[in-house]
Amino acid sequence: MRIRLASVVKTFNTFRAVRGVSLDIPSGELVALLGPSGSGKTTILRLVAGLEFVDSGEIYFNEENATDIPVRDRGVGFVFQNYALFPHMTVAENIGFGMKVSAVKRSRAQIQERVRELLGITQLDGLDERFPAQLSGGQRQRVALARALAVDPRVLLLDEPFGALDANVRHDLRRWLRGLHEELGITTLFVTHDQEEALDLADRVVILDKGHIIQDGTPEDVTRRPVSAFAMQFLGDVNKFGAIVTDGIAALEHGVTVAASGVRNGPAEVYVRPADLQWSAEAPGLPAHILRVMSRPGSRRIVARTDSGETVEIDVDQDHPAATGDAGYLRIARATVFAADR
Amino acid sequence: MSGPGRRVPLTGDNPAFRRALIGFVLVVSAIVIVAPLVAIFAQAFSLGVDVFAKTVGDPDTQHAILLTVVTALIVVPVNTVFGLAAAWAITKFDFPGRRFLLVLIEIPFSISPIVAGVAYLFVYGLQGLLGPTLQDAEIKVIFALPGIVLASMFVTAPFVARELIPLMQAQGRDLEEAATSLGAGGWRTFLSVTVPNVRWALLYGVVLCNARVMGEFGAVSIVSGSIRGQTNTLPLHVELLYHDYNTVGAFAAASVLTVVAIVTLVAKLLIERRGAGRSPQAVSPADQPALIKRAA
Amino acid sequence: MSRRVLPGLPLTLGITLLYVSIIVLLPLGALVFKAASLGFYDYWRIVSSPRAVASYRVTVLAALAATAFNLVFGFALAWVLVRYRFPGRRLLDAIVDLPFALPTAVAGIALTALFAPNGWFGMLLAPLGISVAYTITGIMVAMCFTSLPFIVRSVQPVLEDLDTALEEAAQTLGARDGTIFRQVMLPLLTPALLAGVSLAFARSLGEFGAIIFIAGNQPFETEITSLLVFIRLEEFDYPAAAAIASVMLIIAIVMLAVINILQARSLRYMARAR
């Protein structure tokens, strides 16, 4: 099902959580709402679910105006941040709850059959008689998902679905959820503050800050063509250099220049990912010396200080010979330039 | 339909239901709780302030007030020491029978004050275990101050302990262990680390204990003998006046106790605002999850 | 016992055990001893005498009625205090504890004054043919008053801590208010309700001060067990007082055990965790 938000505004007391957000999500897409805390991402999810009412604007499910449809009739599947599993019900009872209370009457056998099917889909076979308190974090998360899927939702909404999990469990579940989405094809919207999670999982990433959409595009769009310094910084580690732009060329210190087509003349900021900086023993480049070298699986990261006093980080090959104290030059392989705020 | 500030209703937020339930609760509370309170003062002052002042100023009433205050001055500190000791032993150490001890401490809550009074009679009374011995030594317990004090101690024994235990349980032992690792001795740790962290709960327990001591009727009525001007506490004096058909006098004496009760409620409210948390008043030791949550 | 880091166990445990022994166990032991020294036949004759049995019936019936009333009203009160905001809420929250703070004898004469035939409420009820004071209804009213805070204060903190996400989850799954209340909230509140009910019931069974003024104290009709014990004492019939008091003691201890078991069972889904 297609979901469309038109100029949605939501204020809590005096805090403006969502400030005029418009968004169009085609049927079957998997979309990440990415942003820091307070960016309004969870509020948007709750507005779509009907757990909050908009102050103004509309929400459409296909062509139907869903803005005032009560949550219980909206047909959404919602996975809560801490899962909100009913602690006094077994796994099977949790999953069957939505079918049991539904206006559509199902026989006990039908419910059991569907529960068994969902236990299979979510790889929870054999855990049906357990209580939530007896499950691991990853298992609880899948019970929450199975419970949400049991009511055949038109849209699946997940609030920080991996937030409460260990790093390795998180990684596996992410792959699994992607596979499940491809299998079921339900329009899915999830909230995260983890850029890696958003880029890994989503067809489309919506970056939010202070209740506004900063950028809305595919993982490739947002990583390769960030529209603002905020998007650039939020998506990963980045080095920042001051520069002056003249006719599409940004000039840094020491005669270093990078292309800056379309950037207005004047002061600018040059953003460079650690992987897009190179370390060279010889000029040309920005003179710097190495403070520290950190080893990572598959690479090394150099922390260096330029002669003008900026601390920068550079990713190099794991065989790179750089050592603490070395002096050398920084070269910029790829950069993104934004005009400086005035 | 939409508009600023509109919240999604939770269970029972339907406006008609909400109004009806609030109305029901307010009306019943007015009948059950507020009306008795008003009735006490209305009756006490029904013959004017002069009669009220005369009753309260009566030597027998004055003596009853004095006896009640003296009893509280003995019982409350003793129960406070006991509460602190019990809470320290139970929450800072693991030993076999810990849970059972917790139940023992709570027993007076489940037992009728009348049963308590009778039980004391069978220890210290003439027909009791120690009665004859005490009589030979000319020590008077029953129908005297010691009996009143002991019965009051029984009834209020759990008050301070039960406020402290859930809180100290939730706070754990880290702070005390840290203090000990820094070289503080036991008393030092207790006085400068433990007590400041539980001071509001402690005060709360003391206030409730005091209210109950001053108001105890059943247990005390058995062991005191209600001798006018001698072993008559204020609640017993209320009964005495009432049965003398001195209704106004009974209510005048009762209004003094009512003022103590109101002061207790105000103190409780102030203590709660200072962050002692909600009263674990009515929760049995079996209800540990709720206790711990509340204290946290 | 493992090695202890903190000091003071011998002192504090010593004080605790000594105090509990002298103040709680010694008198209760003396009571049991006195009752046991009667011999089974005499004991049974006293505790099963028609007047004693009638007093149990009056006490238990009134306590059941009062507890049932307070279950409904106390739950409603806790719900209103936690879930709604309205003027006077804080004041209401504060006066809920009045029955704990007010001496029972004071409550007794106040309720009697209200419900006597010439009292504020008695006057209204008399034309309807309802008499409260000096009947078993009066006993129930007094028990209602003194045990009211137990259920409120047991349920209130648990209701406060109930995660609203559970209700929201049930809403997204299509459940209506009634269903959410019955199937999600009520089971989670049951342990607290049980705790409150048991404390309120135990308190009502043992209540004395508030009742003797409003009850007619007629043997077989409006005489509660506590009062019967008191009367036997005044008659210097100590064996009878000991026997009947021991029945009350046994019931109190059985209640304590039952409620511990009930609570453990209703919390089994939590207990099994880890």
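Just so you know, the sequences run in chain order A, B and C. Numbers given in this note's numbering equal positions in the first sequence, counted from 1, plus 952. Numbers given in this note's numbering equal positions in the second sequence, counted from 1, plus 446. Numbers given in this note's numbering equal positions in the third sequence, counted from 1, plus 197. Cβ atoms here follow ideal geometry from the backbone N, Cα and C, with glycine treated the same way.
Residue closest to residue i, alpha-carbon to alpha-carbon, out of the options
i: C:PHE410; options: B:LEU654, B:TYR691 and B:LEU493; result: B:TYR691
i: C:PHE378; options: B:PHE636, B:ARG452, B:ARG453 and B:ASP459; result: B:ASP459
i: A:GLY1009; options: A:SER974, A:ILE1242, A:SER959 and A:LEU986; result: A:SER959
i: A:PRO978; options: A:ALA969, A:PHE1013 and A:LEU985; result: A:PHE1013
i: A:GLY1137; options: A:PHE967, A:GLY1115, A:LEU982 and A:ASP1168; result: A:LEU982
i: B:THR501; options: B:VAL709, B:LEU716, B:THR710 and B:LEU686; result: B:LEU686
i: B:ALA565; options: B:PHE600, B:THR640, B:LEU550 and B:ALA624; result: B:PHE600
i: C:ALA192; options: C:GLN353, C:ARG201 and C:VAL229; result: Any question about residue 192 of chain C goes unanswered here, given that chain C covers just 198 to 471.
i: A:ALA1044; options: A:ASP1118, A:MET953 and A:LEU1079; result: A:LEU1079
Rounded separation between residue i and residue j - CA only
i: A:LEU1160; j: C:SER344; result: 54 Å
i: A:ARG1092; j: C:GLY226; result: 51 Å
i: B:ALA741; j: B:ALA616; result: The predicted position of B:ALA741 is uncertain, since its pLDDT is 32 and thus under 50; a value taken from the coordinates is nonetheless stated next. For B:ALA741 and B:ALA616, the distance between alpha carbons rounds to 6 Å.
i: A:ALA1150; j: A:LEU985; result: 8 Å
i: C:GLY335; j: C:ALA412; result: 6 Å
i: A:THR1140; j: A:HIS1133; result: 8 Å
i: A:GLY972; j: A:LYS962; result: 8 Å
i: B:TRP534; j: C:LEU430; result: 40 Å
i: B:GLY664; j: C:PHE427; result: 9 Å
i: B:SER725; j: C:LEU453; result: For B:SER725, the predicted structure reports a pLDDT of 41, less than 50, and the residue's modelled location is therefore unreliable. The matter cannot be settled from this model.
i: A:LYS1192; j: A:VAL1157; result: 24 Å
i: C:ILE219; j: B:LEU576; result: 13 Å
i: C:LEU308; j: B:ASP496; result: 25 Å
i: B:GLN573; j: C:PRO324; result: 51 Å
i: C:VAL257; j: C:THR419; result: 12 Å
i: C:ASP231; j: C:ALA313; result: Note that residue 231 of chain C corresponds to Lys in the displayed sequence, not to Asp. Approximately 39 Å between the Cα atoms of the pair.
i: C:VAL279; j: C:ASP358; result: 10 Å
i: A:SER989; j: A:ALA1001; result: 19 Å
Classification of residue i by the beta-carbon crowding that lies within 10 angstroms, buried from 16 upward
i: C:THR301; result: buried
i: C:LEU288; result: exposed
i: C:MET320; result: exposed
i: B:VAL522; result: buried
i: C:PHE283; result: exposed
i: A:VAL1222; result: buried
i: A:GLU1172; result: exposed
i: C:VAL303; result: buried
i: B:GLN508; result: exposed
i: A:THR1263; result: exposed
i: A:GLN1147; result: buried
i: A:GLN1075; result: exposed
i: A:ALA1096; result: buried
i: B:LEU806; result: An answer regarding residue 806 of chain B cannot be provided, because it is not within the stretch 447 to 742 covered by chain B.
7 Å Cβ cut-off: residues of chain C touching residue i
i: B:VAL614; result: For the sequence presented, residue 614 of chain B should be read as Met rather than Val. What B:MET614 touches in chain C: nothing, since even the nearest Cβ is about 12 Å away.
i: B:SER556; result: ALA399, ALA449, MET452 and LEU453
Cross-chain neighbours of residue i in chain C, by beta carbon under 9 Å
i: A:ALA1044; result: Chain C residues near A:ALA1044: none, gap ~13 Å exceeds 9 Å.
i: A:ARG1024; result: ALA367, GLN368, THR369, LEU370, GLY371, ALA372 and ARG373
i: A:PHE1114; result: By Cβ distance, chain C contributes nothing, its closest Cβ being about 17 Å from A:PHE1114, past 9 Å.
Listed by chain order, chain B residues near residue i by CB distance under 9 Å
i: A:GLY1002; result: VAL454
Interface residues of chain A facing residue i [CB-CB closer than 7 Å]
i: C:LEU363; result: ALA1036 and PHE1038
Chain C contact residues for residue i, given Cβ-Cβ distances below 8 Å
i: A:VAL1028; result: THR369
i: A:PHE1049; result: ALA367, LEU370, ALA372 and GLN380
Residues that residue i contacts on chain B, provided the C-beta gap is smaller than 8 Å
i: C:THR334; result: Neighbours of C:THR334 on chain B: none; closest Cβ ~14 Å, over 8 Å.
i: C:PRO247; result: Within chain B, no residue comes near C:PRO247; the closest Cβ sits about 21 Å away, beyond 8 Å.
Chain A residues whose Cβ lies nearer than 9 Å to that of residue i
i: C:LEU385; result: PHE1038, PRO1039 and HIS1040
Cross-chain neighbours of residue i in chain A, by beta carbon under 8 Å
i: C:THR376; result: VAL1053
Contacts that residue i makes with chain B (C-beta to C-beta distance below 7 Å)
i: C:ALA273; result: LEU467, PHE470 and VAL471
heavy atom of the ligand GDP below 7 Å from residue i C-beta
i: C:ALA392; result: What this structure holds is no ligand at all, so the ligand GDP is not there to describe.
Mind the definition here: the region 1105-1113 of chain A touches the region 1008-1028 of chain A only if three or more C-beta pairs lie below 8 Å; say whether that holds. yes
On the three-pair Cβ rule with 8 Å, is the region 578-588 of chain B touching the region 504-517 of chain B? no
Touching or not, the region 595-612 of chain B and the region 641-652 of chain B, by the rule of three or more beta carbon pairs under 8 Å? yes
Just checking, does the region 1240-1252 of chain A make contact with the region 1270-1284 of chain A on the three C-beta pairs under 8 Å criterion? yes
The region 315-331 of chain C in contact with the region 375-395 of chain C per 3-pair CB rule at 8 Å: no
Determine contact between the region 255-269 of chain C and the region 338-353 of chain C, defined as no fewer than three beta-carbon pairs at a distance below 8 Å. yes
The region 1116-1128 of chain A contacting the region 1061-1068 of chain A, beta-carbon criterion three pairs below 8 Å: no
Please confirm if the region 454-465 of chain C is in contact with the region 242-253 of chain C, defined as three or more CB-CB distances below 8 Å between the two stretches. no
Are the region 1249-1257 of chain A and the region 1196-1214 of chain A touching, with three or more C-beta to C-beta distances below 8 Å? no
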